[in-house]
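Q: Each residue of the sequence shown is one higher than the last, beginning at 38 in this note's numbering.
We put the beta carbon where it would ideally sit given N, CA and C, even for glycine.
Predicted model, so just to flag it, every value in this text is computed and none were measured.
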Amino acid sequence: MIPNQWYAILESNEVKRGKIIGVTRMGEKLVAWRNSRGQIGVMRDLCPHRGVALSAGQILGDCIECPFHGFQYDVTGACTLIPANGRHADVPKAMRAQAFPVREEHGFIYIWWGEPRENLPPVPWFDNIDETQFAVSTIRDLWDTHYSRAIENQLDTAHLPFVHRTTIGRGNQTLVNGPMYQVREMPSGKRIDVWYDNAIDQGQTPMRKNEMPEPTHRPLLQFLYPNLWQNWLGDSLRLVIAFVPIDDAHTMMYIRNYQAMARAPILREIFNAFSALGNWVIERQDRRVVVTQMPKRADLRIGETLIPADGAIIEYRKLRNEMIQAAGGNP
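(1) Taking just the CA atoms, how far does residue 99 sit from residue 292?
(2) Pick helix, strand or coil for residue 131, following the three-state DSSP scheme.
(3) Please confirm if the region 228-242 is in contact with the region 125-141, defined as three or more CB-CB distances below 8 angstroms between the two stretches.
(4) Since residue 179 contacts residue 287 with CB under 8 angstroms, what's their CB separation in whole angstroms?
(5) Helix, strand or coil for residue 164, going by three-state DSSP, please let me know.
(6) Using 10 angstroms around the beta-carbon of residue 298, count the other beta-carbons present and answer buried if the total reaches 16, otherwise exposed.
(7) Throw me the rounded Cβ distance for the residue 149 and residue 138 pair, which I believe falls under 8 angstroms.
(8) Provide the residue span of the beta strand (DSSP E) that contains residue 217, from first to last.
(9) Might you give, ordered along the chain, the residues of its own chain that have their beta carbon closer than 8 angstroms to the beta carbon of residue 204, omitting 5 neighbours on each side?
(10) Helix, strand or coil, according to DSSP, for residue 7 in the structure here?
(11) With a CB to CB cut of under 6 angstroms and the five nearest residues on each side skipped, what residues in its chain are close to residue 364?
(12) Between residue 123 and residue 47, what straight-line distance do the alpha-carbon atoms span, to the nearest angstrom?
(13) Whole-angstrom Cβ separation of residue 105 and residue 128, contact assumed at under 8 angstroms?
(14) What residue from 242, 277 and 273 has the CA that sits closest to residue 258's CA?
(15) Could you tell me whether the region 208-225 touches the region 169-179, using the rule of 3 or more Cβ pairs below 8 angstroms?
(16) What do you reckon, is the C-beta of residue 89 under 7 angstroms from a heavy atom of the ligand ADP?
(17) Which one of 311, 69 and 284 has the shortest CA to CA distance from residue 146?
(18) Out of 272, 214, 190 and 283, point me to the one whose CA is closest to residue 241's CA.
(19) Rounded C-beta distance between residue 335 and residue 154? I'm assuming under 8 angstroms.
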C-alpha cells in the first residue's frame, strides 16, 4: 500500500449504530463501529490488554467494550474504563487501542493509512460530481488479486475488444492511439486523467502519445490516488470504483453508478437495476482475466514486456513507486 494516504475502505451504510463490523483491510484485521452520536471508530481488531478481538465485544454508549475483561475504548482508541481497577480509577495512558483517523464523506468511510499528522489533507474525491444531482447505486464484488492489478485494468484500453467483445468492446477497435494521459496535483494528492482513441486496424500506424492532438473534451477516465477511479460516461452518467485493499491477494470492488437521467422514484429504481446488471456483467468479464495475472501485485519490474498502449499503466506504476518511496516505504 502507499503510506500516508486516505483510503476508502467501507461504505457508510455498512456500519450501523449498535452494530460492530470486523473486516480485513490493508492486510490488517480491523473493527468498525458507531458510537451513540453516530461517530465512526475504526481500529485494529485487538484489545491491547490480552489480544482479544474487539469485534467480539459490544457497544456501550460511546465506547466499544472488550468481551474478555470489559475494558472500554472510545472512537479515538483511548481506554475509558478498566473494570478491575474500579470505575473511578485513572486509566494508564499506555492502555490504548490502535485507532485510525477517520473521515466519513461521499458515502464512504476513509481511514488515514500512515504516520500521524497535525493537519491531514482532504479525502480524495471527484470535484466534477455534484452528489445532490445524482442517484447512486452500488454493487460489491471480491476479486482474488492485489488492488493495483484491479486499478491497472481500468487504465487499460487495449483489452476492450478482447475481454469485452460482447459488451463495451464491440466493434473490433483493436488499434490503440496513444493513449493520452496527464498527471494533475489535487488537494488530496495526485490524479491521472486519461483520453483514449481506439480504432479499427486498417493498416495504419497508431499515433503515439506525443502525436495525439491536445484534448478538447473532458478525460474519459480519471484515477485518484490511492484507490478511486471514474469513468465519465456523460454529463448525467458516471461510473466510480473504489478498489479497497483487503490483503496482498484480495480486493473488494465497490462499483457505483451515478445517474441524473431517471429522477422519478420508480424509474430511478428500474434504471439503477439495469445499470447494476450491466456493470456486473462487464466487471465479471474483467475479473475472469485479471485474477489470473501473475504476480498478483503490479510493479515496475515484474518481468512484463509493455507496449505504447500501456502508457497510462506505466505512469500509474511510476507514480505509485515514487509515492511509496517518498513515504519511506519499500515498493
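A: Answer, in terms of the structure:
(1) The sequence position of residue 292 within the sequence shown is 255, counting from 1. The sequence position of residue 99 within the sequence shown is 62, counting from 1. Residue 292 and residue 99 have their C-alpha atoms some 32 angstroms from each other.
(2) By 1-based counting over the sequence shown, the position of residue 131 is 94. DSSP places residue 131 in the coil class of the three-state scheme, outside both helix and strand.
(3) They do not touch, by the three-pair rule.
(4) Here residue 179 refers to the residue found at position 142 when the sequence shown is read from its first residue. Here residue 287 refers to the residue found at position 250 when the sequence shown is read from its first residue. Going by Cβ atoms, the distance from residue 179 to residue 287 rounds to 6 angstroms, so yes, they are a contact pair.
(5) The sequence position of residue 164 within the sequence shown is 127, counting from 1. In the structure shown, residue 164 adopts coil according to DSSP, grouped into three states.
(6) Residue mapping note: residue 298 aligns to position 261 of the sequence shown, counting from 1. Residue 298 sits exposed, since fewer than 16 C-beta atoms from the chains shown fall within 10 Å of its C-beta.
(7) For the purposes of this step, residue 149 is identified with residue 112 of the sequence shown, where counting begins at 1. For the purposes of this step, residue 138 is identified with residue 101 of the sequence shown, where counting begins at 1. Right, the Cβ-Cβ distance comes to about 4 angstroms (below 8 angstroms), so this counts as a contact.
(8) The residue given as residue 217 occupies position 180 in the sequence shown. Unbroken beta strand (DSSP E) run through residue 217: 212-223.
(9) Locating residue 204 in the sequence shown gives position 167, counting from the first residue. Spatial neighbours of residue 204 in its own chain (CB-CB distance under 8 angstroms, excluding positions within 5 residues in sequence) are listed in chain order as 315, 318, 319 and 322.
(10) Because the chain here runs from 38 to 368, residue 7 falls outside it and cannot be looked at.
(11) What you label residue 364 is simply residue 327 of the sequence shown in a count that begins at 1. 40 and 41.
(12) By 1-based counting over the sequence shown, the position of residue 123 is 86. By 1-based counting over the sequence shown, the position of residue 47 is 10. For residue 123 and residue 47, the distance between alpha carbons rounds to 36 angstroms.
(13) Here residue 105 refers to the residue found at position 68 when the sequence shown is read from its first residue. Here residue 128 refers to the residue found at position 91 when the sequence shown is read from its first residue. At roughly 16 angstroms, the Cβ-Cβ gap does not stay under 8 angstroms, so residue 105 and residue 128 are not in contact.
(14) Sequence index remark: in the sequence shown, residue 258 carries index 221 (1-based). Answer by Cα proximity: 277.
(15) Touching, no, given that fewer than three Cβ pairs across the two stretches are closer than 8 angstroms.
(16) No copy of the ligand ADP appears in this structure; indeed no ligand is present at all.
(17) Locating residue 146 in the sequence shown gives position 109, counting from the first residue. Per the Cα distances, 69.
(18) Working through the sequence shown from its first residue, we reach residue 241 at position 204. Considering only 272, 214, 190 and 283, the residue with the shortest C-alpha distance to residue 241 is 214.
(19) In the sequence shown, residue 335 corresponds to position 298, counting from 1. In the sequence shown, residue 154 corresponds to position 117, counting from 1. Taking C-beta atoms under 8 angstroms as the contact rule, residue 335 and residue 154 fail to qualify, at a distance of about 28 angstroms.
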